[in-house]
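Okay, so here's the structure we're looking at.
Number of protein chains: 2
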Amino acid sequence: MKQMQEKILEEGTVLPGGVIKVGSFLNHCIDTTLLAECGREVARLFADDGITKILTIEASGIALAVAAGMEMGVPVVFAKKHKTSTLDGSAYAAEVRSFTYGATYDVQVGRECLKRGDRILLVDDFLANGHALRGLIAIAFQAGAEVVGAAVAIEKAFQGGGDALRAEGLRVEALASIEAITDDEVIFRS
Amino acid sequence: MKQMQEKILEEGTVLPGGVIKVGSFLNHCIDTTLLAECGREVARLFADDGITKILTIEASGIALAVAAGMEMGVPVVFAKKHKTSTLDGSAYAAEVRSFTYGATYDVQVGRECLKRGDRILLVDDFLANGHALRGLIAIAFQAGAEVVGAAVAIEKAFQGGGDALRAEGLRVEALASIEAITDDEVIFRS
Chain C
1 MKQMQEKILE EGTVLPGGVI KVGSFLNHCI DTTLLAECGR EVARLFADDG ITKILTIEAS
61 GIALAVAAGM EMGVPVVFAK KHKTSTLDGS AYAAEVRSFT YGATYDVQVG RECLKRGDRI
121 LLVDDFLANG HALRGLIAIA FQAGAEVVGA AVAIEKAFQG GGDALRAEGL RVEALASIEA
181 ITDDEVIFRS
Chain Y
191 MKQMQEKILE EGTVLPGGVI KVGSFLNHCI DTTLLAECGR EVARLFADDG ITKILTIEAS
251 GIALAVAAGM EMGVPVVFAK KHKTSTLDGS AYAAEVRSFT YGATYDVQVG RECLKRGDRI
311 LLVDDFLANG HALRGLIAIA FQAGAEVVGA AVAIEKAFQG GGDALRAEGL RVEALASIEA
371 ITDDEVIFRS
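See below:
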């Protein structure tokens, strides 16, 4: 998606360790015009797939998930990273290791949110090593729901998580896929 | 807002300690049809106020903030509750005590996200004791931005946070305001 690539080139900054900072438009301050376009693009990509629910992970995945969910007319479920008094012990759970935060944590989804037979689209802001998506896949599996595909705003393809999931048969769509970062230059997969 | 009240009566459940569980449509599983209506209502309420930015707090505030922000055509900034490698030490910060989570934490907003002269609308899913909104007000103050008002999906008016803020001159709009909870009955402020 051209607008996302352009925005990354205009406003993204590369930090040490392969972290790309896109907080000025994607996951801290959100450009809602771009976000609405991204939501429409995700809806277009999965228009014929009978999606019944979008599953994402708090916090940065919620914005794109909501934009796509409103466009597609399906509910959005966001997995919680932290214990809360409103989730009981019966929730579906999986362990995720975050690249950006450098920590491992449990993600949880209440049993009432996912049903056997749901056709799930996974949505997130970033796809790096794929651990977050794998956590969501594990949760969907526990619920007996089918994961139809995944849509992410930015894939860091050089970290391999997206291609590993594709090799396992998952349809993974990235609005922008970064092949390499060299000397502050960002090279997109064509 | 009638639809929000009806949804609370249909699907909300009351937990011990005055916690209202609305995870089936608002802050875990999100009813995107209702959310879009809420976004339009927030946009209508603050249509004449020259809002330049929406400020919310991760994670549950993001959905309504994004729905309103897309409708109003303004960026959304969400304050972060957790340290991340993409926020440096210069961020604006405030301490917030969460009613639902029973914990105190720092919220942070990067300096590049808020500007002197910004006209800020605060958005959140719940307003109980008002600590989250006060944290966001402190952050806006640090940035030299003006807080024009606050819009929340559900106010628990019996906890007093909203009225205290109104008494201090802040315009606070709730899509549903709960006056009391008695024997599992939810009574709305009229």
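For the record, the sequence lines run as chains C and Y. Per the numbering used here, residue 1 is the first one in the first sequence, and the count goes up by one each step. Per the numbering used here, residue 191 is the first one in the second sequence, and the count goes up by one each step. Ideal placement from N, C-alpha and C gives every residue a C-beta, glycine not left out. On a predicted model such as this, the values are computed, not experimentally measured, just so you know.
{"Query": "May I ask you to verify whether the stretch 334-346 of chain Y touches the stretch 354-366 of chain Y, counting CB pairs closer than 8 Å and requiring at least 3?", "Result": "yes"}
{"Query": "Per DSSP, which one or two residues make a beta bridge with K21(C)?", "Result": "T13(C)"}
{"Query": "Along the chain, which unbroken stretches of the alpha helix (DSSP H) at least 4 residues long are found entirely within the stretch 207-255 of chain Y?", "Result": "222-235"}
{"Query": "So which residues of chain C does F316(Y) contact, with C-beta pairs closer than 7 Å?", "Result": "Those within 7 Å of F316(Y) in chain C number zero; the least Cβ separation is about 11 Å."}
{"Query": "Of all the CB atoms in chain C, is at least one closer than 8 Å to the CB of M260(Y)?", "Result": "yes"}
{"Query": "In chain order, what residues of the same chain have a beta carbon less than 6 Å from the beta carbon of L323(Y), not counting five sequence neighbours either side?", "Result": "L312 and A340"}
{"Query": "Taking Cβ positions only, does F268(Y) come closer than 8 Å to chain C?", "Result": "yes"}
{"Query": "Is the Cβ of C29(C) closer than 8 Å to any Cβ of chain Y?", "Result": "yes"}
{"Query": "What residues of chain C sit near L225(Y), judged by a beta carbon separation below 9 Å?", "Result": "V66, G69, M70 and V76"}
{"Query": "Compute the beta-carbon to beta-carbon distance between T222(Y) and P75(C), rounded to the nearest angstrom, for a pair I have assumed lies under 8 Å.", "Result": "6 Å"}
{"Query": "Please tell me whether E201(Y) and G229(Y) are closer than 8 Å, where the distance is taken between their beta carbons.", "Result": "no"}
{"Query": "With distances taken from CA atoms, which of L127(C), E168(C), E112(C) and R97(C) is nearest G144(C)?", "Result": "E112(C)"}
{"Query": "Counting only the same chain and skipping the five closest in sequence on each side, list residues whose C-beta sits under 8 Å from that of F158(C).", "Result": "G18, I178, E179, A180 and I181"}
{"Query": "Tell me whether the beta-carbon of F268(Y) lies closer than 8 Å to the beta-carbon of A36(C).", "Result": "no"}
{"Query": "Let me make sure I understand the geometry here. Which of D278(Y), V297(Y) and V286(Y) has the alpha-carbon closest to that of H408(Y)?", "Result": "One cannot answer for residue 408(Y) here, as it falls past the ends of chain Y, which runs 191 to 380."}
{"Query": "I'd like the list of long-range same chain contacts for S288(Y), defined as Cβ closer than 8 Å, with 5 residues on each side in sequence excluded.", "Result": "T294, Y295, H321 and A322"}
{"Query": "Could you check whether the Cβ of Q195(Y) sits closer than 7 Å to any heavy atom belonging to the ligand ATP?", "Result": "The ligand ATP is absent from the structure shown, which contains no ligands of any kind."}
{"Query": "So what's G351(Y) in DSSP terms, helix, strand or just coil?", "Result": "helix"}
{"Query": "Going by alpha carbons, who is nearest to G61(C) out of L26(C), G169(C), E185(C) and I8(C)?", "Result": "L26(C)"}
{"Query": "Take D88(C) as the anchor and find which of K211(Y), F316(Y), Q332(Y) and A283(Y) has the nearest alpha-carbon.", "Result": "K211(Y)"}
{"Query": "Opposite S98(C) in the DSSP bridges: which residues?", "Result": "A103(C)"}
{"Query": "Since V148(C) and I120(C) should fall inside the 8 Å C-beta cutoff, what is the C-beta to C-beta distance between them, to a whole number of angstroms?", "Result": "6 Å"}
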